[in-house]
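Each protein sequence line maps, in turn, to chains A and B. Plus 217 on top of the position in the first sequence (first one is 1) and you've got this note's numbering. Plus 22 on top of the position in the second sequence (first one is 1) and you've got this note's numbering. Ideal placement from N, C-alpha and C gives every residue a C-beta, glycine not left out.
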Amino acid sequence: MKRNTDFSELARNSGEWLRGTGPESDIVISSRIRLARNLADFPFIRRCSDEDRISIERTVRARMEAIEDWQDIRYVDIEQLSEIDRQFLVERQLISREIADADGSRAVAIDPHEQYSVMINEEDHLRIQVMHSGLDLNSAWDRINALDDKLEGAILYAYHQKYGYLTACPTNVGTGLRVSVMLHLPALVITQQIEKVFRSMQRINVTVRGLYGEGSQYTGDFYQVSNQITLGHSEEDLVSLVGDNVVPRIIEYERKARDFLISQGQKDLHDDVSRALGILSTAKKISSEETMHYLSKVRMGVNLGLINDVAVGTINKLFIHTQPAHLQKLHGRLLGSSDRNVERATYLQRHLSGSVGPGELN
Amino acid sequence: MKCQYCEKPATFHITELTEPNGPQVMHLCEEHARGFLQKDSSSPAVSVAGALAKQLNLGQTKKELAELDQKECPVCGISFFEFRNTGRLGCPYDYTHFESDLEPLLTNIHDSLEHCGKKPRRAAASADSQATMIQLRREMEEAVEREDYERASEIRDELKQIEDASSKDTSAKDVNPADTGGTDTSGTESGDAS
Ligand SMILES: [Zn+2]
Ligand SMILES: [Zn+2]
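In structure tokens form, the structure reads like this:
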């Protein structure tokens, strides 16, 4: 494990989960699983003294350092980071907003491929998360299960014979497992079927969050589906509920809606997505909401074969890299909101004009 | 339209699709939307605990509830009142100390009271031994504070002993199928080979 807080390399590249590959990646952006774990010999975070937190951070770090094949893991002391670097890790989805904004001793261990990270002193002492591109929950589960095995070989977890893994919030007790799939559903939004689809899924123990919901002038069309319960079912069952049962049905509805849109008027749709690409690649200043809105359209256009010269991986990367902290890291200095709008437009232009490939720097 | 939380224009209109009373639309400025969306997006059910905890009083008289609210965990000191208001527990022992008060809540949230998933390879022998460990650790911190390093190192050894014993205990009690060689999460790879 290496202590390292230089994120400039990280800022220029993008994580594996943004590749835009993997099963169903035209609709599924990413599959994420997290496990909540607590040490047996400390109070939960809310009742921890400052010394407790320091002690937890030290204990966990020392035990992680002893794990073989963890030499490449980057260990980041979040308390030491600047505000912009914390925001950067949040945008990158490597840490939560909650741990970024918290006080006191806290840290994150990050895999160099950004496929997993382990937060220390979040709501629970440990939050392990694995993130893969596309719909790939089974291998994400295998991965996180193995990681958890490694950690529990070194750390004594709080565990109850009857209730399973004990967590600070009773909504996480039992498996401590939360499976989340991020979906891009523009056609269901355009055809106004999205609410109907999700209403039909109520009462099957999943939570759906519209991230930039309908009715909005600027919509990103992204939705996150997660398991709601964590106790009383095995991890495999919970993974399967989301990955084999719920998500494939939503994908099918979205595909049908896309087919419908094409059959209704390919010219209109083609015009719409082409204009979106036009604005993104020629604007001289652009806000992040507007960027989200048009990138969503372009992403659908690429997946429907209406736009041919932009890779999905490029679009995915642009969603992240045009956010405030990323823009400032890439630019190398702090920028005010209106300067960011200019920088964002420049960045988009460079990446959409075909002069920079998806894997290349800057 | 203005943001629900401040005077800025609302540019984000977020629909929560899973509210119990049907979809709920929130109108927020960029800053508040960012805060809202990134607020622990990995555990969407977090607010449920607080809400349900507040509903606990339905089956109880004011007097019963007032008594329950004053009940405190002997290990971490959290009161049931504090838990009801934050939705967060104070330590692992709370699940034992508040067991009868938490069970209706757990049933409400999960429709179950029995974990049937993965088991750790090592686990503390009992809720009591976890409580003892937390208390010893507190004492150790206090000993360090008053620079009584001898006492602190005694406690450290004691903790180590409990931890080692714990691990052994659980495997002896067969909580721990991992020690027999396989993974403990499923039986798919076991035994049937010809
Ligand atoms: Zn606001
Ligand atoms: Zn307690």
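8 Å is my cut-off, CB to CB: does B:Ser134 come that close to chain A?
yes
From the beta carbon of B:Arg144, is the nearest beta carbon of chain A less than 8 Å away?
yes
Looking only at its own chain, which residues have a Cβ that is under 8 Å from the Cβ of B:Leu181, when we skip the five neighbours before and after it?
Here the set comprises Met155, Leu158, Arg159, Met162.
Give every residue of the same chain whose Cβ lies closer than 6 Å to the Cβ of B:Glu30, excluding the five residues on either side of it in the sequence, and list them in chain order.
Here residue 30 of chain B is Lys; the residue named in the question, Glu, does not match the sequence. Around B:Lys30: Cys51.
Per DSSP, what kind of secondary structure is A:Ala253 in: helix, strand or coil?
strand
Shortest alpha-carbon distance to A:Asp302 belongs to which of A:Glu560, A:Gly553, A:Leu547, A:Thr563?
Sorting A:Glu560, A:Gly553, A:Leu547, A:Thr563 by C-alpha distance to the C-alpha of A:Asp302 places A:Leu547 at the top.
Can you check DSSP and say which residues form a bridge with B:Lys24?
B:Pro31
Does the distance from the CB of A:Val390 to the CB of A:Leu352 come in under 8 Å?
Between A:Val390 and A:Leu352, the C-beta spacing is not below 8 Å.
Please report how far the alpha carbon of A:Asp476 lies from the alpha carbon of A:Arg229, in whole angstroms.
36 Å
Provide the residue(s) that pair with A:Met281 in DSSP beta bridges, ordered along the chain.
Paired residues: none, contrary to the question.
Determine, using beta-carbon pairs with one atom in the region 357 to 371 of chain A and one in the region 290 to 310 of chain A, whether at least three such pairs fall under 8 Å.
No, because fewer than three Cβ pairs between the region 357 to 371 of chain A and the region 290 to 310 of chain A fall closer than 8 Å, the two stretches do not touch.
Could you check whether the Cβ of A:Asn255 sits closer than 8 Å to any Cβ belonging to chain B?
yes
Consult DSSP for A:Tyr470 and reduce its assignment to one of helix, strand or coil.
helix
Is the beta carbon of A:Val414 less than 8 Å from the beta carbon of A:Val442?
Not in contact: A:Val414 and A:Val442 (Cβ atoms no closer than 8 Å).
Please determine whether the Cβ atom of A:His581 lies at a distance below 7 Å from any heavy atom of ligand 2.
Any question about residue 581 of chain A goes unanswered here, given that chain A covers just 218 to 579.
Please tell me whether B:Pro126 has its Cβ less than 8 Å away from any Cβ of chain A.
no
Around ligand 2, what residues have a beta-carbon under 5 Å from a heavy atom of it, in chain order?
Every residue passing the under-5 Å Cβ criterion appears here: B:Cys95, B:Val97, B:Cys98, B:Gly112, B:Cys113, B:Tyr115, B:Asp116.
When burial is assigned at 16 or more other CB atoms within 10 Å of the CB, is B:Thr210 buried or exposed?
Because the pLDDT at B:Thr210 is just 35, under 50, the model does not fix this residue reliably, and the value given afterwards should be weighed accordingly. Looking at its Cβ environment, which holds fewer than 16 other Cβ atoms inside 10 Å, B:Thr210 is exposed.
When the cut-off is 8 Å and only beta carbons count, does A:Pro387 lie next to chain B?
yes
Let's see if you can read the secondary structure: which residues bound the alpha helix (DSSP H) around B:Glu122?
It is Ser, not Glu, that sits at residue 122 of chain B in the sequence shown. Taken as a continuous stretch (DSSP letters only), the alpha helix (DSSP H) holding B:Ser122 covers 121 to 132.
Just to make sure I have the definition right: I need the residues of chain B whose C-beta is within less than 8 Å of the C-beta of A:Glu506. Which are they?
Thr33, Phe34, Glu52
Can you tell me the Cα-Cα spacing of B:Ser7 and A:Asp454, whole angstroms?
Outside the modelled stretch of chain B, which goes from 23 to 216, sits residue 7 of chain B, for which no answer is possible.
Any beta-carbon of chain B closer than 8 Å to the one on A:Gln322?
Checking the sequence shown, residue 322 of chain A turns out to be Ser, not Gln. No - not a single Cβ of chain B is within 8 Å of the one on A:Ser322.
What separation, rounded to the nearest whole angstrom, lies between the Cα atoms of B:Pro142 and A:Glu369?
If I take the Cα positions, the gap works out to 7 Å.
Our contact map puts A:Ile479 next to A:Leu521 with C-beta atoms below 8 Å; I'd like the distance itself, whole angstroms only.
7 Å
Any beta carbon of chain A sitting closer than 8 Å to that of B:Arg110?
The Cβ of B:Arg110 sits closer than 8 Å to at least one Cβ of chain A.
Closer than 7 Å by beta-carbon distance: list the chain B residues that pair up with A:Pro260, in chain order.
Cys98, Gly112, Cys113, Ile156
Check whether the Cβ atoms of B:Leu124 and A:Pro387 lie closer than 8 Å to each other.
yes
Would you list the residues sitting across from A:Gln346 in a DSSP beta bridge?
A:Arg251, A:Ser334
Could you work out which residue in A:Ala542, A:Ser225, A:Ile503, A:Arg251 is closest to A:Tyr333 when comparing CA atoms only?
A:Arg251
CA-CA distance, A:Asp289 and A:Leu227?
14 Å
Compute the distance between the beta-carbons of A:Glu340 and A:Glu315, then report whether it is under 8 Å.
Yes, they are a contact pair.
State the start and end residues of the unbroken alpha helix (DSSP H) segment that holds B:Met162.
149 to 167
Just the Cα atoms here: how many angstroms apart are B:Thr129 and A:Gln445?
13 Å
Given a cut-off of 8 Å, decide if A:Val396 and A:Val347 are closer than it, judged by their beta-carbon atoms.
no
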